[in-house]
Ligand code: ATP
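In our numbering, the protein residues as written are 2 to 349.
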């Protein structure tokens, strides 16, 4: 039965630090959930994970695993397995010896240890590699060895800290998919740290978006994408990020894929004048750069148009629009979401 992890008003300030690396986080996973911590470098993701693992002691607050407060308990008894960015495999040991290593401290005989290692290797598809040394493996294979080593301890919780960051883009996409399917099979509660929003969107049951030690928003990928709680989340998630146009004290936000030639927008729409100055061709999309006028202050924005959808978009002035129900509003000072404002929409 998978267990849940809960953090109650967790704080961590390092010796000599002037701010809390983790600044009052309340967060609970579901049992068996894949929770992704997403945020820019330095926002406290690793610190949070290390505090759950027991490698750091919180300055305040509680870490609860499977219903019990584990503050003060050493990492080993917490039944968590952490896989770091650098896999930290023993270079001179074989893959098998690396996987078996954490079991040495447990009262298992050699045959049982090996059986367990082979079970994990089989699950991760690395049974052919058991006699090799880490340097004879690809980055993705090393990652699987590190995962297998984490698995043999029967962890109740996986803590993964950017485990894919050493892989090239192609291998990363494959490893991401593997990791997700693997987690679905074993069903172990997983907290996964990344600064890569595409990875977070692809892997997470829910995403906790962090900034400067705090959780800005927690929700399923579709929610943080479609309904960002503030401008930080709106900009951090999505590539290119959400367009934000200043209008009085309000920021009017819309995603690049929702800015389209007016004739393609169904229903009630917010019309805009789009002065296009550059078009970038990507594989399946076009990124169209320019300035919107007439909505608020003249602002540079990006539209993302599927190549198959429209004909040529050329430099110059175009009638564009955004579907009214795709527009989001934020307070300029606080950055927080606000109630919708009427923008002189037409149609519907
Ligand atoms: P990254 O994605 O770059 O790994 P992160 O989100 O994981 O970043 P942390 O490593 O948790 O961020 O760091 C959070 C803050 O705490 C940073 O400001 C960092 O400088 C500080 N910090 C981290 N470790 C220590 C330490 N051992 N002593 C003092 N300050 C630290």
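We treat Cβ as the ideally placed atom computed from N, Cα and C, and that holds for glycine.
Owing to the predicted nature of the structure, the values given are computational and were not obtained by experimental measurement.
- For residue 45 against residue 214, the beta-carbon gap comes to about 4 Å, under 8 Å, which counts as contact.
- Going by beta carbons, residue 30 and residue 6 fall inside the 8 Å limit.
- In this structure, the CA atom of residue 236 is about 19 Å from the CA atom of residue 340.
- The DSSP-derived three-state label of residue 99 is helix.
- Ligand 1 has a heavy atom closer than 7 Å to the beta-carbon of residue 196.
- The beta carbon of residue 219 sits closer than 7 Å to the beta carbons of 28, 207, 209 from its chain, once the five residues preceding and following it are set aside; these are given in chain order.
- Secondary-structure assignment with DSSP links residue 195 through a beta bridge to 39.
- Within its own chain, the residues whose Cβ lies closer than 8 Å to the Cβ of residue 25, once the five positions on either side in sequence are excluded, are 10, 11, 12, 62, 214, 215, listed in chain order.
- In summary, residue 270 is buried, with 16 or more beta-carbon neighbours lying within 10 Å of its beta-carbon over all protein chains present.
- Residue state for residue 64 is assigned as strand, using DSSP reduced to three classes.
- Three or more pairs of CB atoms, one per stretch, sit closer than 8 Å, so the region 124-144 contacts the region 85-105.
- It is roughly 10 Å from the alpha-carbon of residue 308 to the alpha-carbon of residue 288.
- The C-beta of residue 324 has 16 or more other C-beta atoms within 10 Å across all chains shown, which makes the residue buried.
- For residue 47, the three-state secondary structure derived from DSSP is helix.
- Residue 8 counts as buried, since at least 16 other C-beta atoms from the protein chains shown sit within 10 angstroms of its C-beta.
- When rounded, the separation of the alpha-carbon atoms in residue 108 and residue 157 is 19 Å.
- Fully enclosed beta strand (DSSP E) runs of no fewer than 3 residues occupy 251-255, 260-262, 270-282 of the region 248-284, in order along the chain.
- Just so you know, the alpha carbons of residue 150 and residue 176 end up roughly 17 Å apart.
- Between the alpha carbons of residue 245 and residue 253 lies a gap of roughly 5 Å.
- Three or more pairs of CB atoms, one per stretch, sit closer than 8 Å, so the region 52-59 contacts the region 78-88.
- For residue 293 and residue 222, the gap between their C-alpha atoms comes out near 28 Å.
- Here residue 339 is not bridged, per DSSP, to any residue.
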